[in-house]
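Numbering (the working numbering), first residue to last: 2 to 621.
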């Protein structure tokens, strides 16, 4: 797939390459840090079919792409001339970010670059645990040892990886901070820690200052704090040292000061903080596990929408590092599968071919933990499926919490999380409780969506009868209402032809929205112009670019000059033929003489019946 056109459009809508401070990506999103967010056009970018959603949160301009986000990121970097190893650009002052937003930005910037391999390592650990439980492998076999090393390397050498990404995020030399991380897990330091645990072990000191040894492998907070200190020292050295000396003296100062300071002060304090966070979370969790599960299952997807979930990722990893297990991740699995089940319900219930295809692909992606297509493309636009997904996630999360389910390696909620929930001692009730919570969320959200999550079907009888006033335009068809700027056609979306709304039709008929006459009828019968008795001019354009169909799927029941009354049949069309030909069914309903009115407002809900109020005009 060619991504250069999409990359150019994204760059144009974020204010150009000169407005970019930094760009990273996670599993589904491009995460921009912009100099001036006011220059970005989020609404315009949403109209691109290659963009699922745009979210502004945590000081970031987030463009939700989907599974091919890495390819799009590469195209954007190439188009903008951004190098992966380039240092961060200088941020412009003026736009202030909240403390919470700043912390989320820091966390996402540090963890995002390697989140894929982090999840993969956790999944591989889970699969190995499953293989041992099932008797496929033994822990002393060469096969197990090699794959275990592959799965555990990232976690054991976590300070090295975090040192590199934290150094880049804090604006320092990432190789200096990576070396600091390497010092924390150096074999000499690991041996010193192991020796200190023996009875009667001699105390060690650095320049006569006693050293308390810790095992920093798999740790998170110590290296992040150490990286910040190192980057601060580096900036001070670069300012004050002569240019001929700073290239090697600055790294010397950073290593010579930060590493001892980490072992003497930063490491012990950070370790204490890590243990306090882990024990504090555990204390809260023990009070009411089922309530914690219900809360996490209900709000997780809401946090994902706004990018706030990054604030919880370090806590999960910290729990694994300190406690050896984590109870938060299993509680998120029902939240994921609640949205998957809702999308499945839409797939089974919908009769719209486009919606059905989108829902089906979203279910497939959601099974593997990527919920953005389901949330943004299916559930949120219909509203009820998203709500049902959150409700089902709460019920499933309560079940997971009740059974005290844990994971023993890091990852994100997906089908492979089941393997990660297998306890070291073998399969027990905690695993079955986790599976039960996931399945309950999936089935419950699917059933609720099928029963009450879709717009109601209209009967084939006469349209809804309403009292029509002179300022109201009735809906000419039954379907789902879209804002005009969401129509995948720049001319309509821009409002150049007038204000109004669009409908994705659920049937094959266009009826008169008021009393008046037929002002125009295209030869291809795909569009019709109407004039009300009160002077409102309306254009109804069935589908996007359907003029290219030469009128084949369309049948006109009126001609120019005919008088019409509300509910009169104007046009019929073959929905499936239009879809099969590859055209979008979104139907703009435009007030052509919008300039004659003070305001044109959409008064219909998300789903509208034919003959129900759609638009209302206000006079000057």
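Heads up, the beta-carbon is just placed ideally off N, CA and C, and yes, glycines get one too.
In this structure, the alpha-carbon of residue 144 lies about 34 angstroms from that of residue 167. In the structure shown, the three-state DSSP call for residue 553 is coil.
Exposure of residue 211 is indicated by the presence of fewer than 16 other C-beta atoms within 10 angstroms of its C-beta.
Proximity of the segment 561 to 578 to the segment 502 to 522 meets the contact definition, three or more beta-carbon pairs being nearer than 8 angstroms. In the displayed model, residue 506 falls within a strand according to three-state DSSP. Taking C-alpha positions only, residue 109 is separated from residue 426 by approximately 34 angstroms. Just so you know, the alpha carbons of residue 366 and residue 322 end up roughly 29 angstroms apart. Bounds of any alpha helix (DSSP H) do not take in residue 598; it lies within the beta strand (DSSP E) bounded by 598 to 603. Taking C-beta separations shorter than 8 angstroms and ignoring five residues to either side along the sequence, the partners of residue 151 in its chain run 122, 125, following chain order.
Between the C-alpha atoms of residue 565 and residue 455 there is a straight-line separation of about 32 angstroms. Along the length of the segment 133 to 212, whole beta strand (DSSP E) runs at least 3 residues long occupy 205 to 207, 210 to 212, reported in chain order. Of the residues assessed, residue 342 falls on the buried side of the cut-off, its CB having 16 or more other CB atoms within 10 angstroms.
Taking residue 294 as the centre and dropping the five residues before and after it, the same chain places the C-beta of 332, 398, 399, 401, 402 closer than 6 angstroms to its C-beta, in chain order.
The alpha-carbon separation between residue 313 and residue 328 amounts to approximately 12 angstroms.
Note: residue 574 is bridge-paired with 555 in the DSSP secondary-structure output. Measuring C-alpha to C-alpha distances from residue 431 to each of 326, 481, 353, 530 identifies 326 as the nearest.
Only residues of its own chain outside the window of five on either side were considered, and among them 486 have a CB closer than 7 angstroms to the CB of residue 44, listed in chain order.
Closest in alpha carbon position to residue 260, among 279, 288, 190, 245, is 190. Each residue's CA atom was taken as its position, placing residue 492 and residue 231 some 53 angstroms apart. With respect to residue 409, residue 120 sits apart: the two C-beta atoms are not nearer than 8 angstroms.
DSSP, read as helix, strand or coil, puts residue 349 in helix. Taking C-beta atoms under 8 angstroms as the contact rule, residue 60 and residue 26 fail to qualify, at a distance of about 16 angstroms. Comparing alpha carbon positions, the residue from 265, 496, 390 closest to residue 444 is 390. For residue 558, the closest alpha carbon among the candidates 578, 598, 128, 519 is that of 519.
Here residue 428 is exposed. Its C-beta has fewer than 16 other C-beta atoms within 10 Å.
Assigned with DSSP and collapsed to three states, residue 79 falls in helix. When the beta-carbon positions are compared, residue 603 and residue 482 come within less than 8 angstroms of each other. Put simply, the segment 218 to 237 touches the segment 161 to 180. At least three CB pairs are less than 8 angstroms apart. In this structure, the CA atom of residue 504 is about 50 angstroms from the CA atom of residue 278.
A direct Cα-to-Cα measurement between residue 473 and residue 499 gives close to 16 angstroms. The alpha-carbon separation between residue 577 and residue 543 amounts to approximately 13 angstroms. Residue 407 and residue 290 have their C-alpha atoms some 11 angstroms from each other. In this chain, the beta strand (DSSP E) harbouring residue 518 covers 517 to 522. When DSSP states are grouped into helix, strand and coil, residue 417 belongs to the coil group. When DSSP states are grouped into helix, strand and coil, residue 527 belongs to the coil group.
As computed with DSSP, residue 63 is found in a beta bridge with 32, 56.
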